[in-house]
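Numbering (mature numbering (1 follows the signal peptide of the UniProt record, and there is no 0)), first residue to last: -21 to -1, 1 to 622.
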């Protein structure tokens, strides 16, 4: 891809009260034909890939790789993913979420940007993964198999591209001796990553402070510490310049502080920056026909930016033939209300009129902004409160009921205009589009033998056997594939990868041999087939049938959960899902001799389509159903007439 240039290196910005809009002008290559490739996102099964760790299909781009070091480049690329699409197709994957594609700082402080989150040039492909033709080929090959592609993007920050020249000597000093004003104390500071200062990082001489520290962009082609592109990002005013965040509970640090590690916070409140981000990332869709964005670090950016970015992206793509473009955000946070706030569209939680009016000052195309933001979010509160606390720690299943009850308030009801729709073209509520997951590149893998996988204190206890942990994993996957929302599987889960925190959870998939007979591969394949066969499991309305706060050894429903899905866009498709998350004893959704009440008519014969044998169950005359399950197991029951 040729270099993209701004029409004028535009940051006359806000200096004299006049805001000048940025206008990106991209040269060759030409755009591809854009199409709407998705019918209904609720039918999709997402598979998250770290490109560098999935498959190496082109040895020609393997430079400076160190496969034995978890924090270095390992050699995976887009060609490798394309060559393994049959593996993913057989697994049941319908959507690939690929890690960022833009050119990054190659290496920094002994670690490499194999993950893609240290952007240097938003207009160029990362050469370690291939060229634009290779990316286009991957997307085209995926679409030929009816597999969609979601692109991971970052708008909050850029890589460690400049330092703050605090002492004015023109070089990046590490450490730099600084005094504490008013005290005799001296502390060490790093000019690439200085501590947050609400005023902005201050320059300092022997006589005291001397105003904002100058910004000096690095110039090291070997590590690609180079000035950023588009050119607008080479202006110091494009950044908040307040230094490293140390308290994420401070609202200003959360939104305007640099990410620890020297990742420079972009000033996304400025109109030219908003336009530049829309231009840069929409251009990747125009060049590839990719189908959606997963957006990193959304809680670190003000809501006004999300209104501008999402709406202008949708409008620009729709004008070129691509609708149903899906955008979901990542807020790495367990606070359900905070995470859900980014899905509040329309009248769900309208911003103050003056705030929206201010955001509309950035609009240059004559189409005013509404309150709409994201279609969905990565459901981190569920990962903490359910996947971890219920399925790993064997906590009470009432946790699930509590969280899902809060979802009706904390997440948006109104679909984003021009956002995700169903087969009839009707907008889908964000509450029904949450992206559910067990683990990802930022948290330990579900099978990791850390906390929750010991029967006793981890210092003195013994980790649970792999077979026991695998049964727990399979139960969690059953939950993931049958609950409301979109399931997302992290690469390597199908091969029982067990890595701990970053970078231990970013293993090379090729070490597995891409074994298709692996038990978890086959389990995911089975769940994928059921989800496709029975519309209730992907589009049906959900009703909880049984949840319990009991976890005792003598409780019949300890760690048991059950729900039914029916109606909505699923028509008359009906399914009941029952899960026993207890690893030691048989369980049932009943207590005190009273089985669960179900929505199926009395006399309905239900058959278990998940397990071999197809055991049948009959709804009693008073509408109850008795189902007993072995430890760490589940069942999916459908009417015999729909089997």
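Even glycine gets a Cβ: it sits at the ideal position worked out from N, Cα and C.
Beta-carbon spacing of residue 277, residue 321 below 9 Å: The answer is yes: Cβ separation under 9 Å.
What does a CB cutoff of less than 7 Å around residue 38 pick up in its chain, not counting 5 residues either side in sequence? Closer than 7 Å at Cβ, skipping near neighbours: no residue.
One question on the structure: do residue 271 and residue 127 come within less than 9 Å of each other, judged by their Cβ atoms? Yes; because the gap between Cβ atoms is below 9 Å, this pair is in contact.
What did DSSP end up calling residue 20 once you bin it into helix, strand or coil? Helix.
Which residues in the same chain as residue 621 place their Cβ atom closer than 6 Å to its Cβ, once the five residues preceding and following it in sequence are excluded? Sequence-distant partners of residue 621 (beyond 5 residues in either direction) whose C-beta falls short of 6 Å from its own C-beta are missing from its chain.
Under a three-way DSSP split, which group does residue 205 fall into? In this structure, residue 205 counts as coil in the three-state DSSP scheme.
Please list, in chain order, all residues of the same chain as residue 428 whose beta carbon is under 6 Å from its beta carbon, the five residues on each side excluded. Same-chain partners within the cutoff: 442.
In chain order, which alpha helix (DSSP H) runs of at least 4 residues are fully inside the segment 276 to 359? Counting only runs of 4 or more, we get 282 to 297, 315 to 319, 332 to 339.
According to DSSP, simplified to helix, strand and coil, what is residue 189? Assignment of residue 189 by DSSP, reduced to helix, strand and coil, places it in the strand class.
Does the Cβ-Cβ distance between residue 27 and residue 468 come in under 9 Å? Note that the C-beta distance between residue 27 and residue 468 is below 9 Å.
In angstroms, rounded to a whole number, what distance separates the CA positions of residue 294 and residue 304? Computed Cα separation, rounded: 10 Å.
Simplified DSSP assignment, three categories, for residue 83: Assignment of residue 83 by DSSP, reduced to helix, strand and coil, places it in the strand class.
Using the Cα positions of residue 2 and residue 400, report the straight-line distance between them to the nearest angstrom. Confidence is the limiting factor: at residue 2 the pLDDT is only 46, short of 50, which leaves the residue's position unreliable, though a coordinate-based value still follows. Going from the Cα of residue 2 to the Cα of residue 400 covers about 30 Å.
Within the segment 510 to 548, note down every full beta strand (DSSP E) run reaching 3 residues or more, in order along the chain. Listed in chain order, they are 520 to 525, 539 to 545.
Give me, in chain order, the residues of the same chain whose beta-carbon lies closer than 7 Å to that of residue 361; leave out the 5 immediate sequence neighbours on both sides. Contacts found: 382, 415.
Just how far apart, CA to CA, sit residue 528 and residue 300? If you take the alpha carbons of residue 528 and residue 300, they lie about 50 Å apart.
Which residue or residues does DSSP assign as beta-bridge partners of residue 218? Paired residue(s): 245.
Assigned secondary structure, residue 97 (DSSP; H/G/I helix, E/B strand, else coil): Here residue 97 sits in coil by DSSP.
Look up residue 132 in the DSSP assignment and say whether it is helix, strand or coil. Residue state for residue 132 is assigned as strand, using DSSP reduced to three classes.
Beta-carbon proximity check, residue 143 vs residue 194, cutoff 9 Å: Going by C-beta atoms, residue 143 is nearer than 9 Å to residue 194.
Among 592, 107, 43, 267, which one has its Cα closest to the Cα of residue 14? Selected option, being the one with the closest Cα: 267.
For residue 174 and residue 132, the rounded distance between their alpha carbons: Spanning the two alpha carbons is a distance of roughly 26 Å.
State the Cα-Cα distance for the pair residue 207 and residue 100, rounded to the nearest angstrom. Residue 207 and residue 100: Cα-Cα distance of roughly 5 Å.
Under 8 Å: do the segment 448 to 457 and the segment 518 to 533 share three or more Cβ pairs, one atom per stretch? Counting Cβ pairs under 8 Å, fewer than three are found: no touch.
How far does the alpha helix (DSSP H) with residue 123 in it reach, from first residue to last? Start and end: 111 to 123.
Start-to-end residues for the beta strand (DSSP E) that takes in residue 174: That residue, residue 174, is in no beta strand (DSSP E); it is neither H nor E in DSSP.
Three-state secondary structure assigned by DSSP to residue 52: Three-state result, residue 52: coil.
Distance check for residue 359 and residue 317, CA to CA, integer angstroms please. Straight-line spacing of the CA atoms in residue 317 and residue 359 works out to 11 Å.
Kindly indicate which three-state DSSP category residue -10 falls into: helix, strand or coil? In this prediction, residue -10 scores a pLDDT of 49, lower than 50, which makes its location untrustworthy; no coordinate-derived value is stated.
For residue 422, count the other beta carbons within 10 Å of its own beta carbon; 16 or more makes it buried, fewer makes it exposed. Which is it? With 16 or more neighbouring CB atoms inside 10 Å of its own CB, residue 422 falls in the buried class.
Using C-beta distances below 7 Å, list every residue in its chain close to residue 473, excluding the 5 sequence neighbours before and after it, in chain order. So the list reads 70, 497, 499, 500, 503, once near-sequence residues are dropped.
Just how far apart, CA to CA, sit residue 364 and residue 259? Cα-Cα distance, rounded: 36 Å.
With distances taken from CA atoms, which of 581, 615, 609 is nearest residue 589? For residue 589, the nearest C-alpha among the options comes from 615.
Residue interval of the beta strand (DSSP E) (run including residue 587): Counting along the chain, the beta strand (DSSP E) containing residue 587 begins and ends at 584 to 587.
Three-pair Cβ contact test at 8 Å for the segment 342 to 353 versus the segment 321 to 330: Yes, they touch.
Let me know the secondary structure DSSP gives residue -1 once reduced to three states. Residue confidence is low: residue -1 scores 38 on pLDDT, short of 50, so the model does not pin down where it sits. Its coordinate-derived value is still stated next. DSSP places residue -1 in coil when its eight states are reduced to three.
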